[in-house]
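Respectively, the protein sequence lines represent chains L and R.
Counting from 1, one number per residue, gives the positions in the first sequence under our numbering.
Counting from 349, one number per residue, gives the positions in the second sequence under our numbering.
Note that CB positions come from ideal geometry on N, CA and C, so glycine has one too.
Note that the structure is a prediction, hence the values are computed from the model and not measured.
First up is the structure itself, then whatever we jot down about it.
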Amino acid sequence: MLLARKMHLHYGPIALASILILGGGLWQYSLGTKGSPATGSSLAGLVVGSIAAGIILFELLLWPRKRLRKYKLGRTKFWVAYHLWLGLACGPLAFIHSGFRFGGTFTTVLMALLVLVLTSGVFGWVMQVFIPRWMLGNLPQETIPSQIDDVSLLSALENRQMLTVALGPKPPNTGKLVALEDQLSALKSGLSVPSMGNADAMPGLDKSNAIVVGARQRRDPQRASFGQDLADDLNGADRIEIWKQYTLVIEPFLLKNIVPNSTRSTSRSPIGNLQRTQEWFKNLQASCSDSAFPILMALQSTVEERLQFDAQRMAHAWLHRWIAFHAGISVMLGVLLIVHIIQSLRYM
Amino acid sequence: MAITGKQRSRRIDRNYTSSEDRSILWKRWFGWAGLILGALYGLWMLTPSAAKQLSTGTLSKAHHAWNETGCEQCHAPWSPINTRSFARSTEVIADNNRRCNACHRMADHYPAATKSNLLALESCVQCHHEHLGINHNLLDIADESCVRCHADLAQFVKDANRPLSKVTSFDSTNGIPGHPDFQGLAKDPGTIQFSHTQHMRPGQALKPGDRSAKTWDSLPPAFQDQYPKPKNGFDPIQLTCSDCHERDHPIAGYGTLESPNAIPVTNSLDRQTNAHVLYKPVEFSKHCEACHQLDLPHKLDFKDHQHLLDVVATSQQQRLARSERLQSTSKPNESSVEEENQLRIAGTASGKDLIELIKENNPLAKTVIFKTYACSKCHQPAIDLAAANNLESIVAPSALPTQWLTKASFSHGPHINVQCDVCHKIQLDSNAFSLGNLSSDVLIDGIQGCQVCHIVDEAKRKGAQLAGVKNIARADCIDCHRYHDHGPKGTATGLRFTGATGPAVEGSQ
Numbered sequence: 001m002l003l004a005r006k007m008h009l010h011y012g013p014i015a016l017a018s019i020l021i022l023g024g025g026l027w028q029y030s031l032g033t034k035g036s037p038a039t040g041s042s043l044a045g046l047v048v049g050s051i052a053a054g055i056i057l058f059e060l061l062l063w064p065r066k067r068l069r070k071y072k073l074g075r076t077k078f079w080v081a082y083h084l085w086l087g088l089a090c091g092p093l094a095f096i097h098s099g100f101r102f103g104g105t106f107t108t109v110l111m112a113l114l115v116l117v118l119t120s121g122v123f124g125w126v127m128q129v130f131i132p133r134w135m136l137g138n139l140p141q142e143t144i145p146s147q148i149d150d151v152s153l154l155s156a157l158e159n160r161q162m163l164t165v166a167l168g169p170k171p172p173n174t175g176k177l178v179a180l181e182d183q184l185s186a187l188k189s190g191l192s193v194p195s196m197g198n199a200d201a202m203p204g205l206d207k208s209n210a211i212v213v214g215a216r217q218r219r220d221p222q223r224a225s226f227g228q229d230l231a232d233d234l235n236g237a238d239r240i241e242i243w244k245q246y247t248l249v250i251e252p253f254l255l256k257n258i259v260p261n262s263t264r265s266t267s268r269s270p271i272g273n274l275q276r277t278q279e280w281f282k283n284l285q286a287s288c289s290d291s292a293f294p295i296l297m298a299l300q301s302t303v304e305e306r307l308q309f310d311a312q313r314m315a316h317a318w319l320h321r322w323i324a325f326h327a328g329i330s331v332m333l334g335v336l337l338i339v340h341i342i343q344s345l346r347y348m
Numbered sequence: 349m350a351i352t353g354k355q356r357s358r359r360i361d362r363n364y365t366s367s368e369d370r371s372i373l374w375k376r377w378f379g380w381a382g383l384i385l386g387a388l389y390g391l392w393m394l395t396p397s398a399a400k401q402l403s404t405g406t407l408s409k410a411h412h413a414w415n416e417t418g419c420e421q422c423h424a425p426w427s428p429i430n431t432r433s434f435a436r437s438t439e440v441i442a443d444n445n446r447r448c449n450a451c452h453r454m455a456d457h458y459p460a461a462t463k464s465n466l467l468a469l470e471s472c473v474q475c476h477h478e479h480l481g482i483n484h485n486l487l488d489i490a491d492e493s494c495v496r497c498h499a500d501l502a503q504f505v506k507d508a509n510r511p512l513s514k515v516t517s518f519d520s521t522n523g524i525p526g527h528p529d530f531q532g533l534a535k536d537p538g539t540i541q542f543s544h545t546q547h548m549r550p551g552q553a554l555k556p557g558d559r560s561a562k563t564w565d566s567l568p569p570a571f572q573d574q575y576p577k578p579k580n581g582f583d584p585i586q587l588t589c590s591d592c593h594e595r596d597h598p599i600a601g602y603g604t605l606e607s608p609n610a611i612p613v614t615n616s617l618d619r620q621t622n623a624h625v626l627y628k629p630v631e632f633s634k635h636c637e638a639c640h641q642l643d644l645p646h647k648l649d650f651k652d653h654q655h656l657l658d659v660v661a662t663s664q665q666q667r668l669a670r671s672e673r674l675q676s677t678s679k680p681n682e683s684s685v686e687e688e689n690q691l692r693i694a695g696t697a698s699g700k701d702l703i704e705l706i707k708e709n710n711p712l713a714k715t716v717i718f719k720t721y722a723c724s725k726c727h728q729p730a731i732d733l734a735a736a737n738n739l740e741s742i743v744a745p746s747a748l749p750t751q752w753l754t755k756a757s758f759s760h761g762p763h764i765n766v767q768c769d770v771c772h773k774i775q776l777d778s779n780a781f782s783l784g785n786l787s788s789d790v791l792i793d794g795i796q797g798c799q800v801c802h803i804v805d806e807a808k809r810k811g812a813q814l815a816g817v818k819n820i821a822r823a824d825c826i827d828c829h830r831y832h833d834h835g836p837k838g839t840a841t842g843l844r845f846t847g848a849t850g851p852a853v854e855g856s857q
């Protein structure tokens, strides 16, 4: 099954949903006349409607169940399986309940809400199946979504440190680095903030709270060689060009959406997507000497990581934002369902 | 250039779970928004001003005043009104029916013949369906409403041994018999001897070539204007149906043209109408007297003995003079004239006795008058001739029904574009001497004649139309029958309310 990996977990709810739809439909039609099903106020309509209402209540229980997860109220995968299939059955059951009539404005609103809930739920179901698979194959640098900005900021700091060590202090006339005092002060304590070779370039950085990572320099065979030897091999033009491109193109891209006024839209940046990034770095390598290759490779790796973060942010939105809509209209549906029960019993 | 998981983890704030993800915030906001919106809409729904939201459709014109907020005019709270609703009991149905009866004081359907426990389960909404739009006709009742019981009426009537027809459709379908023959046409309750065939022949002749045929010139001048003059005044008069049968009202839609001051009257469906439904009873003075003139005044009073003697004596003298005149002008070979003369002579002869009988105040005088003054030509004698006080009352009431179909309400209005002889068959064979179509012949083929045009099945209707049948029409029960009706000549179905809160009286059937 495309939408479920452990299909056997779904057999139970599928069978239950099928029985409810088939049984309810036949019963309701049997009470009707001339092929037209009975209305919601018939015995069959009331029973089917009550079942549908019970299912909606059960579906809404997923929320408190999440809050009360410490009580271990059943396994999550069972809850999800029943949530999916009974939720899907709820649509046909509601139509059977109403005798395939929309009724008045209020019941039409209810039905429209139910259709929206079902549609958003199915949409989310598809998203939850396909997007994680895609992310697993295409976003190896995936991180925690809420930490994307912090990780990108740290990457920028690491790059500054790396360039300072490898190329020496930033020459004049190579642009101006963005001040990051506010962003650094906003970082939580205990976070691995890299130390800066040039402390003056990092005003506001409290070294006492920072953990020196430097892992790239130490572990990466290529980056491990960064140091005075590499600096000696690079000519002045390379240093100026790399610092300049870093300051004007790479760092604004890394810090986009993080630092005000340094945002460079993805579409206008020469490194806005993977294809353009590879082309741009290829051209940059061509304009520099071979000695600059390790540094440029490290910078390209950082940019590609940022691109993956962007893709991950987008995927994360598709993966989770629908839940807000789904949950909102589900709650509204639940509230209006109570009113529907009261008013229907009153005027049926 | 890959970095290790440990390195990656060190770039993450260890307390990241305490910071709320935007998706979680969105979910919370939307959840609250849904709750608030749902609660606001739901609370409003519980108020009377939102009643329209619960309505499943616009009310018809009759109830449209309550379309917005008048739910409880018809809906009794917590009493399901829908006929297929669960938990409907006789109390609930009665509760709902009371709402309708507050304005519509309608009779039950044959309460004397129907089982009362089953009648108590019948509700107004069983047949009258609301919320189907402003133009929906609440009186447009589907056949299913009637067939529900009439398909097997035995289980609904008190007298199970009563012969009952099982009616599921107007026409027979798939071997299932349709509507039974019209009971109202089975027997002519009238007492008039009359031949439509003779009266529809030119000059109302007994046979072709009969010289006694009526001509326009032979009519008394006072009646000549009633009949169109033929090309030659001595040509026989050709009557048409409308010469004797007058519409009770103008044809629907032409009322103001035909009769601008028409007063609405109640028709057989108990409804006020100006439209043509039936034909007025035939009146002797208007429709017969032009040809059939009486020697005695129609209103002659028998109590005034001297006046009666004078009138009879005068008429005898007139008859005698006329008989002598006819004898001098008639040809011996004309049998009809001879018969007429003999009749008149006999009348003259008995007339002498008649005067004596009148002088003696003998009851036989009325019998002699009935037999010798042409009453017996069309009428039957009254059962109690001795009690007759005037000439009119020596004959039995004509008893001709205005509405022949006693169990239904037939209207001629919608059939006005159909020629009379399409339904009323008359044998006009000019060579036949037989009068034919005697008074006992109702001149209606029966239900078969109706089923030519009135077809239930839509496919059959189209087929008939393709086959060239004109005036194809539906055949719904409601076209002729009414569930509630109290018309004296129509389908009286039980109790009739006499006033707003007054007691009910038994209706006639």
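My output table needs one value for T107 of chain L: the three-state DSSP class, helix, strand or coil. Locating residue 107 of chain L in the first sequence gives position 107, where the first residue counts as 1. Looking at T107 of chain L - three-state DSSP - the assignment turns out to be helix.
Count the other CB atoms within 10 Å of the CB of F582 of chain R; is the residue buried (16 or more) or exposed (fewer)? Indexing the second sequence from 1 puts residue 582 of chain R at position 234. F582 of chain R should be labelled exposed.
S208 of chain L to E181 of chain L, Cα distance in whole Å? Mapped onto the first sequence, residue 208 of chain L falls at position 208. Mapped onto the first sequence, residue 181 of chain L falls at position 181. With a pLDDT of only 37 at S208 of chain L, under the threshold of 50, the placement of this residue in the model should not be trusted; the figure read from the coordinates follows. Taking the straight line from one Cα to the other gives about 15 angstroms.
I need the straight-line Cα distance from L139 of chain L to I148 of chain L, nearest angstrom please. In the first sequence, residue 139 of chain L corresponds to position 139, counting from 1. In the first sequence, residue 148 of chain L corresponds to position 148, counting from 1. Their Cα atoms are separated by approximately 13 angstroms.
Report all residues from its chain with a CB closer than 7 angstroms to the CB of D519 of chain R; omit the five preceding and five following residues, and keep chain order. Position 171 of the second sequence, counted from the start, is the residue given in the question as residue 519 of chain R. The answer, listed in chain order, is G526, Q799, I803, V804 and A823.
Do the segment 128 to 142 of chain L and the segment 299 to 312 of chain L touch if we need at least three Cβ pairs shorter than 8 angstroms? yes
Identify whether H10 of chain L lies in helix, strand or coil by the three-state DSSP scheme. By 1-based counting over the first sequence, the position of residue 10 of chain L is 10. H10 of chain L: helix per DSSP, three-state reduction.
Can you give me the start and stop residues for the alpha helix (DSSP H) that Y831 of chain R sits inside? Along the second sequence, read from residue 1 onward, the residue named residue 831 of chain R stands at position 483. Here Y831 of chain R belongs to no alpha helix (DSSP H), and DSSP marks it neither H nor E.
To which residues of the same chain is K562 of chain R closer than 7 angstroms at the C-beta, ignoring the five residues directly before and after it? In the second sequence, counting from the first residue as 1, residue 562 of chain R sits at position 214. Excluding sequence neighbours, K562 of chain R sits near G551, Q552, P584, I585 and C639.
Whose CA, out of R:L739, R:G538, R:G797 and R:V766, lies closest to the CA of P749 of chain R? Within the second sequence, the letter at position 401 stands for residue 749 of chain R. The shortest C-alpha separation from P749 of chain R is found at R:G538.
How do the segment 18 to 27 of chain L and the segment 408 to 418 of chain R stand: do at least 3 beta-carbon pairs fall below 8 angstroms, yes or no? no
Counting Cβ pairs, one atom from each stretch, are 3 or more of them under 8 angstroms apart for the segment 807 to 814 of chain R and the segment 540 to 548 of chain R? no
Beta-bridge partners of A821 of chain R, as assigned by DSSP: Stepping through the second sequence from its first residue, residue 821 of chain R is reached at position 473. Partner(s): R:H802.
Close-in-space but distant-in-sequence residues of the same chain around K170 of chain L (CB under 6 angstroms, 5 per side omitted): Counting from one through the first sequence, the residue named residue 170 of chain L turns up at place 170. So the qualifying residues of the chain are W243.
Does the beta carbon of V213 of chain L sit closer than 8 angstroms to a beta carbon anywhere in chain R? Taking the first sequence and counting its residues from 1, one reaches residue 213 of chain L at position 213. Confidence at V213 of chain L is low in this model, with a pLDDT of 37, below 50, so its placement is unreliable and the value that follows should be read with caution. Closer than 8 angstroms to some Cβ of chain R, the Cβ of V213 of chain L qualifies, so yes.
Please go through the same chain and pick out, in chain order, the residues whose beta-carbon is closer than 7 angstroms to the beta-carbon of S287 of chain L, but skip the five residues on each side of it. To locate residue 287 of chain L, count along the first sequence from 1; it is residue 287. Around S287 of chain L: E241.
Does the beta carbon of F293 of chain L come closer than 8 angstroms to any beta carbon on chain R? Residue numbering aside, residue 293 of chain L sits at position 293 when the first sequence is read from its first letter. No, F293 of chain L does not count as interfacial toward chain R.
Would you mind sorting V151 of chain L into buried or exposed? The rule is 16 or more other CB atoms within 10 Å of its CB. For the purposes of this step, residue 151 of chain L is taken as residue 151 along the first sequence, with counting starting at 1. Buried is the call here.
Quick one: does S437 of chain R have its CB under 8 angstroms from some CB of chain L? Position 89 of the second sequence, counted from the start, is the residue given in the question as residue 437 of chain R. Answer no: the Cβ-Cβ gap between S437 of chain R and chain L never drops below 8 angstroms.
At the level of alpha carbons, what is the spacing between M393 of chain R and V109 of chain L? For the purposes of this step, residue 393 of chain R is taken as residue 45 along the second sequence, with counting starting at 1. For the purposes of this step, residue 109 of chain L is taken as residue 109 along the first sequence, with counting starting at 1. So the two alpha carbons sit approximately 12 angstroms from each other.
Residue of R:N465, R:H476, R:P396 and R:A821 minimising C-alpha distance to E492 of chain R: Stepping through the second sequence from its first residue, residue 492 of chain R is reached at position 144. If we check each option's Cα against that of E492 of chain R, R:H476 comes out closest.
What span of residues does the alpha helix (DSSP H) with N444 of chain R cover, start to end? The residue you call residue 444 of chain R lines up with position 96 of the second sequence. Residues T438 to N449.
My assumption, with CB atoms under 8 angstroms, is that F758 of chain R sits in contact with C825 of chain R. Please give the rounded CB distance. The residue you call residue 758 of chain R lines up with position 410 of the second sequence. The residue you call residue 825 of chain R lines up with position 477 of the second sequence. Between C825 of chain R and F758 of chain R the Cβ distance is about 13 angstroms, and since that is not below 8 angstroms, they are no contact.
Which of the three DSSP states is assigned to N465 of chain R in this structure? Counted from its first residue, the second sequence places residue 465 of chain R at position 117. N465 of chain R: helix per DSSP, three-state reduction.
Is the CB-CB distance between I55 of chain L and A89 of chain L below 8 angstroms? To locate residue 55 of chain L, count along the first sequence from 1; it is residue 55. To locate residue 89 of chain L, count along the first sequence from 1; it is residue 89. Yes; because the gap between Cβ atoms is below 8 angstroms, this pair is in contact.
In the DSSP assignment, find the unbroken alpha helix (DSSP H) run with Q161 of chain L in it and report its ends. As a position in the first sequence, residue 161 of chain L is number 161, starting the count at 1. Q161 of chain L -> alpha helix (DSSP H) spans I148 to L167.
What's the gap between the Cα of D658 of chain R and the Cα of D652 of chain R? As a first step, residue 658 of chain R must be located in the second sequence, where it is residue number 310. As a first step, residue 652 of chain R must be located in the second sequence, where it is residue number 304. Spanning the two alpha carbons is a distance of roughly 10 angstroms.
Under DSSP, the alpha helix (DSSP H) around G316 of chain L begins and ends at which residues? Residue numbering aside, residue 316 of chain L sits at position 316 when the first sequence is read from its first letter. The sequence shown places His at residue 316 of chain L, rather than the Gly named in the question. It spans F293 to Y347 - the alpha helix (DSSP H) in which H316 of chain L sits, taken as one unbroken run.
Min CB distance T277 of chain L to chain R below 8 angstroms: The residue you call residue 277 of chain L lines up with position 277 of the first sequence. By this cut-off, T277 of chain L is not an interface position.
Does any CB atom of chain R fall closer than 8 angstroms to the CB of F106 of chain L? Residue mapping note: residue 106 of chain L aligns to position 106 of the first sequence, counting from 1. Taking Cβ atoms only, chain R reaches closer than 8 angstroms to F106 of chain L, which makes this a yes.
May I have the straight-line CA-CA distance separating Q183 of chain L from I258 of chain L, to the nearest angstrom? What you label residue 183 of chain L is simply residue 183 of the first sequence in a count that begins at 1. What you label residue 258 of chain L is simply residue 258 of the first sequence in a count that begins at 1. Looking at the two C-alpha atoms, the distance is approximately 8 angstroms.
Tell me the DSSP bridge mates of H772 of chain R? Along the second sequence, read from residue 1 onward, the residue named residue 772 of chain R stands at position 424. Partner(s): R:I792.
I need the straight-line Cα distance from L73 of chain L to L61 of chain L, nearest angstrom please. Locating residue 73 of chain L in the first sequence gives position 73, where the first residue counts as 1. Locating residue 61 of chain L in the first sequence gives position 61, where the first residue counts as 1. Roughly 11 angstroms between the two C-alpha positions.
Nearest CA to the CA of R595 of chain R: which residue from R:L467, R:V625, R:Q664 and R:Q574? Here residue 595 of chain R refers to the residue found at position 247 of the second sequence. Residue R:V625 is the option with its Cα nearest to R595 of chain R.
What residue does the alpha helix (DSSP H) around M548 of chain R start on, and which one ends it? Residue mapping note: residue 548 of chain R aligns to position 200 of the second sequence, counting from 1. Here the alpha helix (DSSP H) through M548 of chain R covers H544 to M548.
For the alpha helix (DSSP H) holding T277 of chain L, just list the boundary residues, first then last. Position 277 of the first sequence, counting from 1, holds the residue named residue 277 of chain L. It spans L274 to S287 - the alpha helix (DSSP H) in which T277 of chain L sits, taken as one unbroken run.
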